[in-house]
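Below is one structure, written out as structure tokens; the observations come after it.
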Amino acid sequence: MRRPLAILAGVLLTGAFTLPASAAPGDEDFTIKDPRITESSGLAASRQHPGIYWTHNDQDTGAYLYAVDSSTGETVATITMTGVGTPRDVEAISMGPDNQLYVGDIGDNDGVQWPYVWIYRLPEPKTLKDQTIKATQYVVKYTDGTRDAESMVVHPRTGRVYIIDKHEDGGHLYEGPAELSPSGTNVFKPTVPVDMWATDAAFSPDGRTLAVRGYLGGIAYDWNGGKLKRLERISVPLGQGESASYSPDGSKLMLGMEGAGSTVVAEDAPGAAGSSDSATGSGSSASGDDGDASGSNLKVGAIALGAACVVLFALRRLFRRR
Numbered sequence: 003m004r005r006p007l008a009i010l011a012g013v014l015l016t017g018a019f020t021l022p023a024s025a026a027p028g029d030e031d032f033t034i035k036d037p038r039i040t041e042s043s044g045l046a047a048s049r050q051h052p053g054i055y056w057t058h059n060d061q062d063t064g065a066y067l068y069a070v071d072s073s074t075g076e077t078v079a080t081i082t083m084t085g086v087g088t089p090r091d092v093e094a095i096s097m098g099p100d101n102q103l104y105v106g107d108i109g110d111n112d113g114v115q116w117p118y119v120w121i122y123r124l125p126e127p128k129t130l131k132d133q134t135i136k137a138t139q140y141v142v143k144y145t146d147g148t149r150d151a152e153s154m155v156v157h158p159r160t161g162r163v164y165i166i167d168k169h170e171d172g173g174h175l176y177e178g179p180a181e182l183s184p185s186g187t188n189v190f191k192p193t194v195p196v197d198m199w200a201t202d203a204a205f206s207p208d209g210r211t212l213a214v215r216g217y218l219g220g221i222a223y224d225w226n227g228g229k230l231k232r233l234e235r236i237s238v239p240l241g242q243g244e245s246a247s248y249s250p251d252g253s254k255l256m257l258g259m260e261g262a263g264s265t266v267v268a269e270d271a272p273g274a275a276g277s278s279d280s281a282t283g284s285g286s287s288a289s290g291d292d293g294d295a296s297g298s299n300l301k302v303g304a305i306a307l308g309a310a311c312v313v314l315f316a317l318r319r320l321f322r323r324r
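Residue 3 is where the sequence shown starts when you use our numbering, and the numbers rise one by one after that.
Written as structure tokens, this is what we have:
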């Protein structure tokens, strides 16, 4: 019986070290395949539709949003927004409370200094299909004059909207009013510095961490009630990276690029910050070396190895009795 036992041992040990890590819908790399999406400038994870990410071009032939299935990279729904003017430079999208999508038409393509910019809000559709949805348009101005911006986030708990302006030497977090007004001008004021040439940003699902990305790197901040505390650096894929979103469960930070057939890369979230059981929003490094994932795999492997040893021991005793 030694040979069958040896074979069984090999099978069990192989399984112990090759158990695949389970992946939740929407927390793996994917490639956007829709040829219409050539300048993906924002990314927002759906909460109603697992594995779906909303994106948009910064300039398009209409007011369009695209629902991309991360398991295939295919567009499964195209939304045409009505009730808004002609978009100028759409740079960001964020999911707010109650499954409300916020779209930031806040850029300054070609260096145009707009005296005001726009934010659009619309309900995420319950059914994924091509459709037209009426959006609410908000006029936005800054207290300190015009500025270029590509990052807009909505706090998942309070629904307050924030914008980060784009400066090579770093910008500022701009806070909007507690509730946006569709009839008047919404004035955003600078609150704290952001040490990043910001091209996008994202709140963790629990609202405790703000991840800000640029072309060459990123920074994770403890939100701290809006008084940002720097936590750690974020590794980003090099290139014209202009989008960021947490995965729905907060375990991954999804980082997208511009260009046709662009890739969205899933990195471990900063310090596992976005998870529902996260207490502080800080912790292990998010340098992109997959340390957390490796640790999880080793734990799984150790458990499986222990189980294999128990089974082998029991079998040896059984065969000895025979």
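All C-beta atoms, glycine included, are put in the ideal place defined by N, C-alpha and C.
message: Can you look up G228 in the DSSP assignment and give me helix, strand or coil?
response: helix
- request: Measure the beta-carbon distance from L240 to L218 and round it to whole angstroms, keeping in mind my assumption that it falls under 8 Å.
  value: 7 Å
task: Since I believe S72 is in contact with G44 (beta carbons under 8 Å), could you give me their beta-carbon distance rounded to a whole number of angstroms?
output: About 15 Å; that fails the 8 Å criterion.
message: Considering just the uninterrupted stretch of the beta strand (DSSP E) at Q61, what are its terminal residues?
response: Q61 -> no beta strand (DSSP E), and no H or E assigned at all.
message: On the CB-based measure, 16 or more other CB atoms within 10 Å of its CB, does P207 come out buried or exposed?
response: P207 should be labelled buried.
field: Limits of the beta strand (DSSP E) - the one that A137 falls within
entry: Per DSSP, A137 belongs to no beta strand (DSSP E) and is neither H nor E.
- request: Just grab the DSSP bridge partners of M83 for me.
  value: I135
- prompt: Hey, how far is the Cα of P78 from the Cα of T33?
  reply: Before going on, a small fix: residue 78 reads as Val here, not Pro. Linking V78 to T33 through their CA atoms gives a straight-line distance of about 14 Å.
query: Does the Cβ-Cβ distance between V155 and H174 come in under 8 Å?
result: no
Best match in A271, T145, S264 for proximity to E76 [C-alpha to C-alpha]: It is S264 whose Cα lies nearest to the Cα of E76.
field: Those residues which DSSP pairs with L255 across a bridge
entry: DSSP lists Y248, E269 as the bridge partner or partners of L255.
task: Express the C-alpha separation of K128 and A46 in angstroms, rounding to a whole number.
output: 16 Å
message: Excluding the 5 residues flanking Y118 on each side, which residues of the same chain have their C-beta closer than 8 Å to its C-beta?
response: Counting only residues of its own chain and dropping the five nearest sequence neighbours on each side, Y118 has a CB closer than 8 Å to the CB of V141, V142, K143, T187.
field: CA nearest to the CA of L255, picked from V105, L130, R235, K136
entry: R235
field: Beta-carbon separation (whole angstroms), A26 vs D251, contact threshold 8 Å
entry: The Cβ separation is near 5 Å, so the contact holds.
query: Could you give the distance in angstroms between the alpha-carbon of D132 and the alpha-carbon of R210?
result: 34 Å
task: Throw me the rounded Cβ distance for the V238 and L257 pair, which I believe falls under 8 Å.
output: Correct: roughly 5 Å between the Cβ atoms.
Straight-line Cα distance separating E260 from G87: 24 Å
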